[in-house]
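Read through the structure below, which is laid out as structure tokens, and then see the notes.
Number of protein chains: 2
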Amino acid sequence: MPTLNRQIRLRARPDGIPQAEHFELAEAPLEPLTAGQFRVRNDYLSVDPAMRGWVSAVGNYSTPVGLGEVMRSFAAGEVVESRHPDYPVGERVMGLFGWQRYAVSDGRSVIRKVREHDLPLSASLGILGLNGITAYLGLTEIGQPKAGETVVVSTAAGSVGSAVGQIAKLLGCGTVGITGGPEKVDLCRAEFGYDAALDYKAESDLSAAVAAACPDGVHVYFDNTAGAVSDAVHPHLAIGARVVICGTASIASWDPPPVGPRVERHILVKRARMQGFLFFDHAAKFDAAVAQLADWLRAGTLRHREDILDGIEQAPGAIAGLYRGENLGKRLIRLTDA
Amino acid sequence: MPTLNRQIRLRARPDGIPQAEHFELAEAPLEPLTAGQFRVRNDYLSVDPAMRGWVSAVGNYSTPVGLGEVMRSFAAGEVVESRHPDYPVGERVMGLFGWQRYAVSDGRSVIRKVREHDLPLSASLGILGLNGITAYLGLTEIGQPKAGETVVVSTAAGSVGSAVGQIAKLLGCGTVGITGGPEKVDLCRAEFGYDAALDYKAESDLSAAVAAACPDGVHVYFDNTAGAVSDAVHPHLAIGARVVICGTASIASWDPPPVGPRVERHILVKRARMQGFLFFDHAAKFDAAVAQLADWLRAGTLRHREDILDGIEQAPGAIAGLYRGENLGKRLIRLTDA
Chain A
13 MPTLNRQIRL RARPDGIPQA EHFELAEAPL EPLTAGQFRV RNDYLSVDPA
63 MRGWVSAVGN YSTPVGLGEV MRSFAAGEVV ESRHPDYPVG ERVMGLFGWQ
113 RYAVSDGRSV IRKVREHDLP LSASLGILGL NGITAYLGLT EIGQPKAGET
163 VVVSTAAGSV GSAVGQIAKL LGCGTVGITG GPEKVDLCRA EFGYDAALDY
213 KAESDLSAAV AAACPDGVHV YFDNTAGAVS DAVHPHLAIG ARVVICGTAS
263 IASWDPPPVG PRVERHILVK RARMQGFLFF DHAAKFDAAV AQLADWLRAG
313 TLRHREDILD GIEQAPGAIA GLYRGENLGK RLIRLTDA
Chain B
13 MPTLNRQIRL RARPDGIPQA EHFELAEAPL EPLTAGQFRV RNDYLSVDPA
63 MRGWVSAVGN YSTPVGLGEV MRSFAAGEVV ESRHPDYPVG ERVMGLFGWQ
113 RYAVSDGRSV IRKVREHDLP LSASLGILGL NGITAYLGLT EIGQPKAGET
163 VVVSTAAGSV GSAVGQIAKL LGCGTVGITG GPEKVDLCRA EFGYDAALDY
213 KAESDLSAAV AAACPDGVHV YFDNTAGAVS DAVHPHLAIG ARVVICGTAS
263 IASWDPPPVG PRVERHILVK RARMQGFLFF DHAAKFDAAV AQLADWLRAG
313 TLRHREDILD GIEQAPGAIA GLYRGENLGK RLIRLTDA
């Protein structure tokens, strides 16, 4: 067992999207465990758009990460030392263990034990973790699609979006993905099976393109972006449409909130429902979601991509890269050194 | 039986709020009934904010009223001639009979038979009609308030809003009304029992006033206005809040849609639900709603006001007056001539 832990800490609070310079790499001694604790060796650290919110001082669904603290993140690894009966050495776990090689937990930071030993551990952070569970539960619990309906997805090639599109298809829906650039459009069509894929960067009139792709209207809009993409979708909501608000990737800063076309008339006339989805509210359904997703993975009917960066030094700049759209797949940091 | 019918017809399509000059008064002969028809003598014509939408060419939840057609409206009256077994002479009915003294129906334009013979017929167009039913079903079906929660209402002294505030109170909620001008603020407090009433015209910082009046946040926002009033409420939504989109009275024109602060971040962070309510979607629950509202009326626990104008000549200018806020109570046109 090594004696030093390598960590990424928050150095300065960003105004908007966190950049590499807002973090610093530091070393800390490994403290001995007390009764009820166990130590996890993180093998993968997650990089998620939501982390922007976790370091924001603006009102949010969680306490902001403090300056000098280890960056909050999902991570997956193995218990390497334990004084907790439920978490023996060798148990694989996924949880909020932070951007660090070693984490100490009393169990409360664990999201779940990773028992799919036939599937790679990295999947527990993506298609079997935040992204896949968000896609599955956001779509089924909030979007409530019915077979034959049309589901539109923004950031359609992303790690949440690509799962939403495929799950909607598996549930019998027509799917329209909105993404940026020809490479992602191809991916949406060829790999993720969207019936149509629209390039918001190339379309001269995205609203007209959405209307053409959705002749019966948009029954479910799974919204990961807000902004101009959503402005193009809202006018085409079908009567009784459901809009899942899952992320706001296109908005660089919410302080002050940017302006856009008001949505109330669409919501009223279409009797639509717009509702926020937050992963942590649905913990009681995580196991069922993972079981279904793992079944689809094993059957080969659900595809996913990973974008793996090697070494904890890659973590600080990795969030900004997500917002630049440079990754094709779930972004992870792989740790292999001591 | 007279031989002539007096009608208000749509003369020109308004761009925004309909004014008197968009309508004309005309006379038409009373045609004989065919089998399955009956004739209603309208004693009250309704004047509702929603009528703006009914004459708008912009996409809406109903076909626009055609130029030269009788203005669509709710009305209440008595069957005076009948060739329909279910609607005998003397039956009181409320329905979409239009702005005219006499209407011919085959039953499809009837919303309901008015059987509360102990209560005035005019109530069937307000507290026991569109307004009261909208308040009751919009609040209970979409807003779903729980005892102890805080309900905020815009156009709080209006015929829908005043009922929402009182019903929320009867259901055990705290109530905060937002209205315009000292007279309506007094009405909210003294007559409609709001725990707090805010004057959006007088408050220098309406958002701060909402925050102060709702220390636990806004659990249900019953929104009749959209616009600046809503912009002041949205930042104070509680986790899990429900926003009932019932009307957009503050927006003069939706073509093009006005801009305002984007709402997605509030909806995501608060896991709020924003949903449109349309009266006509809930017909199966009208009778139950009326029964409950009538019980409260008889018990004296639900107050309402009427603003009655006499003579069909008053109808053409009456919608614009609603949007100027000149009425205190449900606006009706009373017809007493032949």
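Protein chains in written order, with this note's numbering: chain A, 13 to 350; chain B, 13 to 350.
Positions of the beta carbon are idealized from the N, C-alpha and C atoms, including for glycine.
Terminal residues of the continuous beta strand (DSSP E) containing residue i?
{"i": "His246/A", "result": "Unbroken run through His246/A: none, as it is neither H nor E."}
{"i": "Ile20/B", "result": "Leu16 to Leu22"}
{"i": "Met286/A", "result": "Arg285 to Gly288"}
{"i": "Met106/B", "result": "Arg104 to Gly107"}
{"i": "Gly272/A", "result": "Val271 to Pro273"}
{"i": "Arg120/A", "result": "Looking at the DSSP string, Arg120/A is not in any beta strand (DSSP E), and its letter there is neither H nor E."}
{"i": "Arg127/B", "result": "From DSSP, Arg127/B is part of no beta strand (DSSP E); its letter is neither H nor E."}
{"i": "Arg64/A", "result": "Unbroken run through Arg64/A is the alpha helix (DSSP H), Met63 to Trp66; no beta strand (DSSP E)."}
{"i": "Thr162/B", "result": "Thr162 to Ser166"}
{"i": "Tyr233/A", "result": "Val230 to Asp235"}
Any beta-carbon of chain A closer than 9 Å to the one on residue i?
{"i": "Lys282/B", "result": "yes"}
{"i": "Ala214/B", "result": "no"}
{"i": "Pro227/B", "result": "no"}
{"i": "Gly173/B", "result": "no"}
{"i": "Glu276/B", "result": "yes"}
{"i": "Ser134/B", "result": "no"}
{"i": "Pro273/B", "result": "yes"}
{"i": "Asp60/B", "result": "no"}
{"i": "Gln287/B", "result": "yes"}
{"i": "Ile139/B", "result": "no"}
{"i": "Ile179/B", "result": "no"}
{"i": "Pro157/B", "result": "no"}
{"i": "Ser242/B", "result": "yes"}
{"i": "Trp266/B", "result": "yes"}
How is the alpha helix (DSSP H) around residue i delimited, first residue to last?
{"i": "Thr146/A", "result": "Leu142 to Leu149"}
{"i": "Lys181/B", "result": "Gly173 to Leu182"}
{"i": "Phe298/B", "result": "Phe298 to Ala311"}
{"i": "His278/A", "result": "Glu276 to Val281"}
{"i": "Leu218/A", "result": "Leu218 to Ala225"}
Look up residue i in the DSSP assignment and say whether it is helix, strand or coil.
{"i": "Glu43/B", "result": "coil"}
{"i": "Glu153/A", "result": "helix"}
{"i": "Arg336/B", "result": "helix"}
{"i": "Asp211/B", "result": "strand"}
{"i": "Gln326/A", "result": "helix"}
{"i": "Phe204/A", "result": "coil"}
{"i": "Glu195/A", "result": "helix"}
{"i": "Ser136/A", "result": "helix"}
{"i": "Gly189/A", "result": "strand"}
{"i": "Ala88/A", "result": "strand"}
{"i": "Asp98/A", "result": "coil"}
{"i": "Ala69/B", "result": "coil"}
Looking only at its own chain, which residues have a Cβ that is under 7 Å from the Cβ of residue i, when we skip the five neighbours before and after it?
{"i": "Gly8/A", "result": "There is simply no residue 8/A to check, as chain A begins at 13 and stops at 350 in what is shown."}
{"i": "Val245/A", "result": "Val164, Val222, Val230 and Tyr233"}
{"i": "Ile263/A", "result": "Ala238, Gly239 and Pro270"}
{"i": "Leu334/A", "result": "Val59, Pro61 and Arg343"}
Taking all protein chains shown into account, decide if residue i is buried (16 or more other Cβ within 10 angstroms of its Cβ) or exposed.
{"i": "Met63/A", "result": "buried"}
{"i": "Gln178/A", "result": "buried"}
{"i": "His248/A", "result": "buried"}
{"i": "Arg310/A", "result": "exposed"}
{"i": "Ser85/A", "result": "buried"}
{"i": "Thr46/A", "result": "exposed"}
{"i": "Glu276/B", "result": "buried"}
{"i": "Leu199/A", "result": "buried"}
{"i": "Gly89/B", "result": "buried"}
{"i": "Arg351/B", "result": "Lying before the first or after the last residue shown, residue 351/B is absent from chain B, which here runs from 13 to 350."}
{"i": "Phe289/B", "result": "buried"}
With a threshold of 6 Å on Cβ separation, who are the neighbours of residue i within its own chain once the five nearest residues in sequence on each side are excluded?
{"i": "Asn339/A", "result": "Asp319"}
{"i": "Arg201/B", "result": "Ala209"}
{"i": "Ala225/A", "result": "Val188 and Ala208"}
When you compare the CB of residue i with every CB in chain B, is at least one pair closer than 9 Å?
{"i": "Gly239/A", "result": "yes"}
{"i": "Ser166/A", "result": "no"}
{"i": "Gly170/A", "result": "no"}
{"i": "Gly28/A", "result": "no"}
In its own chain, which residues sit with a C-beta less than 8 Å from the C-beta of residue i, not counting the 5 before and 5 after it?
{"i": "Glu93/A", "result": "Met13, Leu45, Phe50, Arg51 and Val101"}
{"i": "Arg23/A", "result": "Glu33, His34, Phe35, Glu36, Leu79 and Gly80"}
{"i": "Asp98/A", "result": "Gly119"}
{"i": "Lys213/A", "result": "Gly192 and Gly193"}
Does the Cβ of residue i lie closer than 8 Å to at least one heavy atom of the ligand HEM?
{"i": "Arg277/B", "result": "Absence of the ligand HEM from the depicted structure is noted, as is the absence of any ligand whatsoever, leaving it without description."}
If the cut is a Cβ gap below 7 Å, which residues of chain C does residue i touch?
{"i": "Asp293/A", "result": "Here chain C cannot be found, since the structure's protein chains are A and B."}
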